[in-house]
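Protein chains in written order, with my numbering: chain Y, 12 to 431; chain S, 89 to 190; chain A, 118 to 316; chain W, 123 to 1126.
Yeah, the Cβ is synthetic: ideal placement off N, Cα and C, and Gly gets one too.
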Amino acid sequence: MGHYSVFSLVKNAMTGHRNWQRAWRSPDPKPKYDVIIVGGGGHGLATAYYLAKEHGITNVAVIEKGWLGGGNVGRNTTIVRSNYMLPANTRFYEWSMKLWEGLSQDLNYNVMFSSRGVLNLAHTPAQIDAYARRGNSMRLQGVDAELLDRDQVARMVPGLDVSEAARFPVIGGLCQPRGGTARHDAVAWGYARGASDRGVDIIEQCETTGFLFDDQGRVSGVKTTRGDIRAAKVGVAVAGNTSNVLRTAGVERLPIESHVLQAFVSEPLKPLIDTVVTFGAGHLYISQSDKGGLVFGGDIDGYNSYAQRGNLPIVEHVAAMAVAMFPNLSRLRLLRHWGGIMDMSMDGSPIITTGPLEGLYLNAGWCYGGFKATPASGWCFAWTIAKDQPHALNADFTLERFHQGRTIDERGAGPQPRLH
Amino acid sequence: MRIPCPTCGERDVGEFTYGGDATVARPAMDETDPAVWNRFVYDRENPRGAHLEFWQHTGGCRAWIKLQRNVLTHEVGASELVGPWSKPSEKDAQTKRQEPVE
Amino acid sequence: MSSLVYALAETARPGIYGASRAEGPGLEVTELRPVTMLQLDAWPDTKETLEAILGDQLKLEVPVTPGQANVSPEGTLMVIAPGRYLLVSDSGDITRSLSENIAVEIGVLTDLSHARAGIRISGRNAADVLLKGVAIDLDIRSFPSGSVAQSSFHHVGLTLHRKDETTFDLFVFRGFAVSFWKALTDAALEYGYEVTSPA
Amino acid sequence: MSGYRLKSGGLVDRSKRLNFTFDGKRYGGFAGDTLASALLANGVSLFGRSFKYHRPRGVYSAGPEEPNALVTLRNAGRSEPNTKATVVELYEGLEAHSQNRWPNLQYDLLSINQIGGPMLVAGFYYKTFMGPTRKAWMLYEHFIRKAAGLGAASKEADPDRYEKSNLFCDVLVVGAGPAGLAAALAAGRAGARVVLADENAQAGGALLGEKEETIDSLPAQDWVAQSLAELAALPDVSIMPRTTVYGYYDHNVLGAVERVADHFATPNAHQARQKHWTIRCASVVLATGAIERPIVFDGNDKPGVMLADSARRFALRQGIAVGRKVVVFTNNDSAYRSAVDLKDAGVEIAAIVDPRGDLSSPLKGAVQTRGIRLLTAHVVTGAKGGNALKTVEIAPFNPESQTVGESREWIAADSLAVSGGWTPTIHLASQAGGKPVFNAEIASFVPGEALQNWRAAGACKGDLALKDCLSAGANAGALAAKDAGFASGTTPAFDVTLPAHAGSGGSLYPLWEVTRPKGPKGKKFVDLQHDVTAQDVRLAQCEGFESVEHLKRYTTLGMAADQGKTSNVNGLALMAAALERSIPEVGTTRFRPPYTPVALGALAGRETGFHISPVRRTPMHDLHVKAGADMLTAGQWMRPQVYRKSGEDVFDAYVREARRVREGVGMVDVSTLGKIDVQGPDAQEFLNRVYSNGFKTLAVGKARYGLMLREDGCLFDDGTTWRLGETRYLMTTTTANAAGVLSHLEFLLATVWPEMRVQVTSVTEQWAGIAVAGPKSRALLQSVIEDLDLSNEGVPFMGVCPATLDDIPVLVARLSFSGELAYEVYAGSNYGAALWEKLMLAGEAYDLVPYGTEALGTLRIEKGHVAGPELDGRTTARDLGLGGMTSRKKHYIGRPLMEREALNEDNRQRLVGVISSNGTPLRAGSHLVEGKTAEQPGRSLGHVSSTTYSPAIDKFIALALLEGGWEENKDRRLFAADPLRGGHDPVEVVSPCFFDKDGSRMHV
Ligand SMILES: Cc1cc2nc3c(=O)[nH]c(=O)nc-3n(C[C@H](O)[C@H](O)[C@H](O)COP(=O)(O)OP(=O)(O)OC[C@H]3O[C@@H](n4cnc5c(N)ncnc54)[C@H](O)[C@@H]3O)c2cc1C
Ligand SMILES: NC(=O)c1ccc[n+]([C@@H]2O[C@H](COP(=O)([O-])OP(=O)(O)OC[C@H]3O[C@@H](n4cnc5c(N)ncnc54)[C@H](O)[C@@H]3O)[C@@H](O)[C@H]2O)c1
Ligand SMILES: Cc1cc2nc3c(=O)[nH]c(=O)nc-3n(C[C@H](O)[C@H](O)[C@H](O)COP(=O)(O)O)c2cc1C
Ligand SMILES: [Zn+2]
């Protein structure tokens, strides 16, 4: 793999850009690996990367049923933050944030991590209290957070309707200055390139259809549309498709439902919104991509779905919220909207664990917040697979916690996936 | 998406609130084994296809219904009322019902 | 009674508003102030019994299917769900006489007289205005006179009763009445509308 | 200067002159012009600058597929960036500006990007900008963002209005070209309710302005007029011009936007600018036509290069010659019509360049009789010019070997009309779930299998011949009507005559890219709007971005505002070539709504701004407002926070209010509490199952506080339930959970205990509620209630009795949230205002204060009563010191999982009282820590949930959740840490009840 830099660009420009190497190799699957990761999304690729980089395990295959990065990593609104309240979440997402901060350099791939700040708006004193609780929790764990008043919010986000006549007047907000966005596709490609370069085989257009078991009943590989592939350990990181993949291993039920979340992008505009702004009361979050499109999203459609497309009520609601928050957006046009299938867990927090079967490892339950988790998720999952036990950072993200009553319920919504 | 309400006919999805998987069997009230309750509360098949689910017509007649819906294609099948009115009386059966699309 | 203050007392001010049309305003909007609104619920095996009592007391034929209403001098009876009826009446005594006749074994009565605000809209654009919020096919062939629907408009739940081709009675939650009125009349601006004194 | 207005022809009204400006310069046009046609008529050829390289760009098409001619329309709050000049109808006073250029359109400094061009290839930014420091990206990003984007958004609010409505029909026909018209006629004649929508101002589609072809012996235009007249006469057909159907959603729900007033300077009073239609129909006919495709060659983006049929449309519709000397470059017959029609209109056609060696003789004849130079077996290899096209380079071509000859010729031309074939407009069909299928004959994709009830007809389906469009349209319309239940008669046959130069549809020679064997390798654009070149496509392939979806994301091909309408097929053809695979093997990227971009305002409609969510008002709302209360949002409700007197701030006001309650009497509007009528023979048993505490022994005329758990054993809600009769209860819930509790109860009755005879109905709106609290509450109420003895005997604690207050029938319940002697007085909502006023009046003698939610909070915190901040969805009854209310004797919702070990560990965070030790106000959201200093606070042991100044004990107090609970911690010195707001103050941990622990005050 050639090193990327401005010099490599100049050099290749002179030869008509005909000598670039593939970003990642495209090998045929070998019959056997040390580790197979099912799912070529952000988490699967990051896991492979860190297995190789941190644990020296390079005889690894990442198996992707479609094209790499075609899942949620390629369809999310790219918000990166670690502004969580519950300690298990805060420390995990903060580790992710730290990894984000050096990711482009680490990968030698510009993932355009832009720490432009993430601002959550508050509309009632009760919301301020709740944000204070969360922000203080962050600060006590060494994470940056600021509580802003209305004027500070107005200065930070010009164009935002902060008038008192608004239906839900803005009275302040919780800001995480280090939060921001990253270029979603680049994250997948960068990890793929990094992993491939370290020896990981990335196998696209290869769907797992079942699992192989050894005499002891341990998972010993996967059946795929490109034949059986053996491995001592199989990690599953298939986001919205978790239930289906595990079903083929005989795990019939999980504390997960698949729901559709939509995302939206406007026509490209000159810089207009410089921060990530979220309006929790109205279920809206908005930022502007470097290309100029306003990228925004709202609540999930609210019903189980594997369709990767949503319906009009959310489209209309999200537009209405966007225009209410920013009355100057009204004439701007929606360019495209799409959906992704999320693995909504029963408490809204993820699962990174050994099991539920011998030889199997599970990474799931990311709901609509797993993009920001990509580095830490891969890092922790790699650790868990390599050492057969969780790292302290993911020790709480077990599968047993639901039955035990040790849920990590940031929203307090209880076992109702559609409410997390 | 349009959802057939056995009472009101076909209505927009926005009038309904999702109530989750209707195949999970609720333990009897006197069941005391937490494992049984845990499975009921937390564990879902989450199939990628035919699904039987609860919806409430909160923006209409408030009925809880069971709906057959393919969660991959969003195709909607039959719906029926749940609860005391689930079995329509003779009289009701004769009257016009919205035929759910198959 | 002087102590009664209806939800739209301050809001539904008579006058002509919105676009002026040569043909006159496209619709008329009136606050309704029925004396009694009563929800009646039968048990599955007492539906016929309750219907008989209702028919008898209200001197009307109880419609068989949800989604229909019948009107008599005693009031309007709407069937809004299986075994569930909504009675709107100008009689103040009807609640007592019905409750005397309906034992809990037959059904229950819930007084909603204060829980809803009533609005009548009529005129050539009445359906056009409603369609801006209600996702129900209001074509007279699909939703003939006498039809009843429960739906929502501008996120406010409403019960809709079509009296005739161009007249609809609406009942909404009282607390939302002002917001609903504003949304409804705002939707009517392009046709012009006249507000008349409460009925 | 190249384009000009022809002496005659077109559908414009030459008697109606309209003035407009572009970049501040004044121009004139005619009614019926688009902004693009009017500018062309004025000889303007430079419309804008491209996205990345800032190359000069002109008009490329005459429709919604336009990639180049994007302008910012209107100004201030009405300005609309990225507007396609080709779809803007001209109106008097129109103002437009070019975009993405600085300082001006002619001389754009960023066109320097063209020099860096070789480096600015697809994805270059992934490979650089990573140093020297980790944070350096933030600086690069700043400049990249500025350079990117196209138009600039207004900073002002949009003054216009948007409407939304619902539309129901049997058959929706999208597109009013020949296929759509025929479909609408067939469906309409069958009696179906038909809606015919077309994005253009006039129906007719490709037939607009068409004179030479005839349908059933009528000139095409007249046939259109006749068809429209017939449709208009059918009672159940509506024709919707200027209406774009942009999205096809589940179950035949489609979104459409009608541009009601975009063709005016401003909408009329009360008129919407645009109207959004949600269309629900039984079946759909997609007759959306086809879009012409470019061919990729060096300089194919020069202003003056455009689609051949668009050049013709400008002539036929607006009477415009797009240039003075036009070269036509085509690989199929359709562009011959452009050449001939332009020639007949008096425009010089310098040559027709066609890679095909052979042409049908009528076609050849039509060209030759007009003396047009015909260069078969030739291709255009390049176009040159600065801000306008100057010359076109051609070379011989061998269609068999697909090779370009070396000899070159330069032809002077100011316009190059290109046709690479036609791409069916399959967007809606694909959105609806039909996977596109490749049709080799037209070298493009056509709609796949229909998964919903729709059918495609006409050019949209790949039928390019008019006769086929008509019959397919009629057929589709009839079948659609049949699906909706309307039998139709026989579908008509159409008799069509075409001019000789119309050629035949099926003789396309697939030609995607022309490459000079030798000579300069200039930029060849595939995606004009995003500046994606043929080289970029090959670069993507070389780097392994081979899947079409990777190609798209890596190069941004098809991701611009035109969503690749003119570029996608070329892009995948080039990728297929690079991979040496077939085009269908490469496939298309996924189609998504909207078909063309939709204003957010139109999607929002009127339900935005203040109307985002309705306001819920209590019956006393207006009185609170009149009394000057600060109103606060609580969900949808508005509630008085405090009734401030002049000079008071919120603190002063709530302290005064709370103090008055403890000393005298106060009253608060509690109408927002959820109220549910629970009735039926089994109501008692039902309540006993849904509450964690016993309800079997509740007597008629008494109330009881109850706890409701979620299935997982955590607390869900609390409230009092009043037994009003043998089988009738009034349940109250918290304001926030009212809807959730009702649904929960309904769910249980429907699914778990359908045999129970219980009815639950929300009566929240039926009752106005006022809590009258304080030592003098009894006296005050007794002064206005005559028919009820309010003494301890008459209405004991938790007693509920009917009474009359003046003429108002009320329910009086002796309940206390404040810990004082207190009553809740309920009356029908329409009495609420009078009730409040009467109490206010009678209260004068008792110095009654109205109090708001703030004082309500003070009073309950003093008493240690939990509310929303404590019932946060993670706490259990035991956590909140309410373990005693969880029965061990019965089965109830939530019990089995509540008993799980983890929910009962002693070190869980549990409710405590907290007192500020140093008199500093406590703030909700602070955390309790052990560390003595703000610098070293240590770990969070819990958090402060509700705070107040307590007038009763003259201290700043709070409720908090703390590991281990209060007894464990009562001797510990803890600190309330508030790093966010800069506080770190010592606190004392106490029992959560601060005042009147034995409750004697409320039992008097
Ligand atoms: C609209 C939307 C907005 C979002 N916004 C944000 C946000 O702003 N911030 C944030 O942090 N998170 C966000 N998320 C969530 C985030 O995108 C996901 O949580 C995260 O990407 C999931 O991890 P992943 O990248 O590994 O998943 P994916 O990219 O979905 O990867 C899973 C992969 O597994 C593959 N796969 C599935 N089954 C098989 C099989 N049988 N065999 C082989 N391969 C298989 C899939 O094809 C897929 O490529 C959003 C999600 C959506 C849909
Ligand atoms: N000879 C050729 O090669 C050739 C090629 C293409 C077209 N044609 C001719 O073009 C005509 C095609 O007829 P047709 O009826 O199929 O198509 P059409 O192009 O005449 O009509 C389609 C109409 O649909 C509108 N439309 C497209 N998408 C829309 C949407 N989402 N919402 C609203 N409106 C939308 C278009 O603006 C257009 O007015 C025939 O006359 C055919 O001969 C010929
Ligand atoms: C952050 C972000 C920005 C996007 N910006 C654009 C854009 O500018 N133009 C565009 O056409 N699509 C854009 N997309 C959407 C993609 O085209 C695509 O719809 C999305 O990745 C989902 O894939 P699918 O539509 O192929 O299923 C963007 C997506 C994301 C996640
Ligand atoms: Zn219903």
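Residues bridged to residue i [DSSP beta-bridge criterion]
i: V618 (chain W); result: W:I337
i: F560 (chain W); result: W:F567
i: G1064 (chain W); result: W:L1050, W:L1084
i: I396 (chain Y); result: DSSP, once it has assigned bridges, lists no residue as partnering I396 (chain Y).
i: L1096 (chain W); result: W:V1109
Contacts that residue i makes with chain W (C-beta to C-beta distance below 7 Å)
i: W160 (chain A); result: R879
For residue i, the first and last residue of its enclosing alpha helix (DSSP H)
i: N239 (chain A); result: According to the sequence as given, residue 239 (chain A) is Ser; it is not Asn. Where S239 (chain A) is concerned, there is no enclosing alpha helix (DSSP H), although the beta strand (DSSP E) it sits in stretches over 233-239.
8 Å Cβ cut-off: residues of chain W touching residue i
i: H162 (chain S); result: D372, H373
Contacts that residue i makes with chain S (C-beta to C-beta distance below 7 Å)
i: D834 (chain W); result: V129
i: H1013 (chain W); result: M117, D118
i: R313 (chain Y); result: A small fix is needed here, since residue 313 (chain Y) is Gly in this sequence, not Arg. Ordered by position in chain S, the residues that pass the 7 Å Cβ test against G313 (chain Y) are Y106.
Neighbour list for residue i in chain S, Cβ cutoff strictly below 8 Å
i: P876 (chain W); result: V170, G171, P172, S174
Partner residues on chain A for residue i, Cβ-Cβ distance less than 7 Å
i: A151 (chain S); result: A198
Span of the beta strand (DSSP E), counted from its first residue to its last, around residue i
i: N187 (chain A); result: 185-189
i: N131 (chain Y); result: 129-133
i: T498 (chain W); result: 496-498
i: D292 (chain W); result: 284-296
Interface partners of residue i on chain Y, CB under 8 Å
i: R136 (chain S); result: N252, S254, N255, S269, Y317
Whether or not the stretch 377-385 of chain W and the stretch 180-191 of chain W are in contact is what I'm after, with contact meaning three or more pairs of Cβ atoms, one per stretch, closer than 8 Å; do they touch? Proximity of the stretch 180-191 of chain W to the stretch 377-385 of chain W falls short of the contact definition, fewer than three beta-carbon pairs being nearer than 8 Å.
Residues of the stretch 119-131 of chain A with Cβ closer than 8 Å to any Cβ of chain C, in chain order: Here the protein chains are Y, S, A and W, and chain C is not one of them.
Segment contact, 8 Å Cβ cut-off, at least three pairs: the stretch 344-364 of chain Y with the stretch 739-748 of chain W: Because the criterion of three Cβ pairs below 8 Å is not met, the stretch 344-364 of chain Y and the stretch 739-748 of chain W do not touch.
How do the stretch 442-450 of chain W and the stretch 615-625 of chain W stand: do at least 3 beta-carbon pairs fall below 8 Å, yes or no? Under the 8 Å Cβ criterion, the stretch 442-450 of chain W does not count as touching the stretch 615-625 of chain W, having fewer than three qualifying pairs.
Neighbourhood of ligand 4 [Cβ distance below 6 Å to any heavy atom], ordered by chain position: Going by the Cβ distance cut-off, the answer is S:C93, S:T95, S:C96, S:H145, S:G148, S:C149, S:A151.
Segment contact, 8 Å Cβ cut-off, at least three pairs: the stretch 323-330 of chain Y with the stretch 248-260 of chain Y: The stretch 323-330 of chain Y vs the stretch 248-260 of chain Y: no contact.
Using 8 Å as the threshold, is the stretch 127-135 of chain Y in touch with the stretch 219-236 of chain Y, meaning 3 or more CB pairs across them? Judged by Cβ distances under 8 Å, the stretch 127-135 of chain Y makes no contact with the stretch 219-236 of chain Y, as fewer than three pairs qualify.
Could you tell me whether the stretch 38-46 of chain Y touches the stretch 674-682 of chain W, where touching means 3 or more Cβ pairs closer than 8 Å? Here the stretch 38-46 of chain Y makes no contact with the stretch 674-682 of chain W; the two share fewer than three CB pairs at distances below 8 Å.
Below 8 Å, can you find three or more Cβ-Cβ pairs linking the stretch 645-664 of chain W to the stretch 408-424 of chain W? Here the stretch 645-664 of chain W makes contact with the stretch 408-424 of chain W; the two share three or more CB pairs at distances below 8 Å.
Given 8 Å, three or more beta-carbon pairs between the stretch 389-398 of chain W and the stretch 712-730 of chain W: The stretch 389-398 of chain W, when compared against the stretch 712-730 of chain W, does touch it at the 8 Å Cβ threshold.
Cβ pair count under 8 Å reaching 3, the stretch 291-305 of chain Y against the stretch 162-171 of chain S: As far as the Cβ criterion goes, the stretch 291-305 of chain Y does not touch the stretch 162-171 of chain S, which means the pair count is below three.
Are the stretch 1069-1082 of chain W and the stretch 1034-1051 of chain W touching, with three or more C-beta to C-beta distances below 8 Å? Judged by Cβ distances under 8 Å, the stretch 1069-1082 of chain W makes contact with the stretch 1034-1051 of chain W, as three or more pairs qualify.
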